[in-house]
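Data block below; observations after.
Number of protein chains: 2
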Amino acid sequence: MPRLWNETIEAHRRDVREAILTHTSALVAEHGLRSVTMSQIAEKAGIGRATLYKYFPDVEAILLAWHEQQIAAHLEQLAKVRDQAGEPVEGLRAVLEAYAHISRRSRGHGDGALMAVLHRDERVGHAEQRIHGMLRDLLAEGARTGAFRDDVVPDELATYCLHAVTAARALPSEDAVGRLIMVIMSACTRDPCST
Amino acid sequence: MPRLWNETIEAHRRDVREAILTHTSALVAEHGLRSVTMSQIAEKAGIGRATLYKYFPDVEAILLAWHEQQIAAHLEQLAKVRDQAGEPVEGLRAVLEAYAHISRRSRGHGDGALMAVLHRDERVGHAEQRIHGMLRDLLAEGARTGAFRDDVVPDELATYCLHAVTAARALPSEDAVGRLIMVIMSACTRDPCST
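Chains as they are written, first to last, in my numbering: chain A, 25 to 219; chain B, 25 to 219.
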């Protein structure tokens, strides 16, 4: 049964890869990028050093693969909360809330060396474009129904939202993030007494 | 007259320093940080290489001195537009507009290597704190007079403003920046029909 055998190998490779990513991100979060070695990662993941090198050439490559996985998971999460919300106002609020929480969690990505590596990752820019598109579509849909302001085009309003929500990283508490989302929503919502 | 002589020397040193800063920032903007040498800077500034080294140890040190000067000038400019505005709503608008324009101009700081050097500069963090304090005071004053919302503390609202206004860097035109400021102001202003 060559097919089954191949599937088993595939599943095994996925598991090993997953273990490498998980242990590397944990090691880097704990010790900083510069002090983590391929040997430490192999040991933690329970594989030989030679095996590890068959998967990845260096620590940076592992981190970029881990980052890719994180970004994909975050985009999926944002699309899910948007779909669950149904209508555009709740959709925008849900996406902004989820994105604020993602931003807050990832601000502790650790040391400057790690941040420098991850910020060179062009996937960050692509992901931000995807989120921008998501916000823009919600804002456009809500502007048509009269829920969102229409004196600023959805594209610009989405740029505003995407930057304003990064304030979540600098805020001291989850409650403060809730108020931030309220402030952003009030800026996007059509003034009820302007009609 | 030793005093006059000292003053002449002082003025000369200031002029040389100024010329070094100006020519270095121009060279780096044109060629990128990595390809600018101390010899090129000395030549452009019309001084010997040995003299240049009496002022600065390397290109990075010159850029940091230039950056310090830029930051100080920007803070002064923001304080000035705030003072000219008089009352808090116009003050906030004026500071946000000026800061948006500063952000847009400095986004073209050039290559990644230069950005990395300037972002390590801890004065950027201090300057942002100063601007944050400026916004917070305006928001607090306006909240007391009923012009700004008071359901979010001025400190958090200032954090929101400071991040939202960075969207100016990503906007395509000055008109779009004007609309961004309008959106941010509408988020800070007390809803006229909520009273």
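Cβ coordinates follow ideal geometry from the N, Cα and C atoms, glycine included.
Tell me, to the nearest whole angstrom, how far the beta carbon of residue i is from that of residue j; I am working on the premise that it is less than 8 Å.
| i | j | result |
| --- | --- | --- |
| residue 211 (chain B) | residue 207 (chain A) | 5 Å |
| residue 138 (chain B) | residue 52 (chain B) | 6 Å |
| residue 66 (chain A) | residue 57 (chain A) | Incorrect: roughly 17 Å between the Cβ atoms, too far for contact. |
| residue 99 (chain A) | residue 144 (chain A) | Actually they are not in contact, since the Cβ atoms of residue 99 (chain A) and residue 144 (chain A) sit about 19 Å apart, beyond 8 Å. |
| residue 69 (chain A) | residue 47 (chain A) | 5 Å |
What three-state label does DSSP hand residue i in the structure shown?
| i | result |
| --- | --- |
| residue 46 (chain B) | helix |
| residue 75 (chain B) | helix |
| residue 183 (chain A) | helix |
| residue 114 (chain A) | helix |
| residue 149 (chain A) | helix |
| residue 131 (chain A) | coil |
| residue 177 (chain B) | coil |
| residue 219 (chain B) | Confidence at residue 219 (chain B) is low in this model, with a pLDDT of 44, below 50, so the placement of that residue should be treated as unreliable; the coordinate-derived value is given next. If DSSP states are grouped into helix, strand and coil, residue 219 (chain B) belongs with coil. |
| residue 166 (chain B) | helix |
| residue 60 (chain A) | coil |
| residue 82 (chain A) | coil |
| residue 70 (chain A) | coil |
| residue 94 (chain A) | helix |
| residue 195 (chain B) | coil |
| residue 35 (chain A) | helix |
| residue 41 (chain A) | helix |
| residue 207 (chain B) | helix |
Find out if the Cβ-Cβ distance for the pair residue i, residue j is shorter than 8 Å.
| i | j | result |
| --- | --- | --- |
| residue 148 (chain B) | residue 84 (chain B) | no |
| residue 160 (chain A) | residue 213 (chain A) | no |
| residue 188 (chain A) | residue 187 (chain B) | yes |
| residue 183 (chain B) | residue 156 (chain B) | yes |
| residue 119 (chain B) | residue 158 (chain B) | yes |
| residue 93 (chain A) | residue 28 (chain A) | no |
| residue 79 (chain B) | residue 38 (chain B) | no |
For residue i, which residues from the same chain have a beta carbon less than 8 Å from its beta carbon, with the 5 sequence-adjacent residues on both sides left out?
| i | result |
| --- | --- |
| residue 49 (chain B) | 87 and 90 |
| residue 204 (chain A) | 124, 188, 189, 191, 192 and 195 |
| residue 117 (chain B) | 109, 205 and 209 |
| residue 64 (chain A) | 51 |
| residue 72 (chain B) | 66 |
| residue 185 (chain A) | 116, 120, 159, 163, 208 and 212 |
| residue 131 (chain B) | 193 |
Can you list, in chain order, the residues of its chain with a C-beta nearer than 6 Å to that of residue i? Leave out the 5 residues immediately preceding and following it.
| i | result |
| --- | --- |
| residue 201 (chain B) | 124, 192 and 195 |
| residue 219 (chain A) | Annotation note: pLDDT 44 at residue 219 (chain A) (below 50); position unreliable, coordinate value reported separately. Answer for residue 219 (chain A): no residue qualifies. |
| residue 60 (chain B) | 51, 52 and 83 |
| residue 176 (chain B) | none |
| residue 164 (chain B) | 178 |
| residue 95 (chain B) | 147 and 151 |
| residue 35 (chain A) | none |
Based on DSSP bridge pairs, tell me the residues matched to residue i.
| i | result |
| --- | --- |
| residue 213 (chain B) | B:172 |
Considering only residues of the same chain and omitting the five flanking positions on each side of residue i, which have a CB-CB separation below 7 Å?
| i | result |
| --- | --- |
| residue 122 (chain B) | 101, 102 and 105 |
| residue 198 (chain B) | none |
| residue 170 (chain B) | 214 |
| residue 126 (chain B) | 98 |
| residue 32 (chain A) | none |
| residue 181 (chain B) | 163 and 212 |
| residue 81 (chain B) | none |
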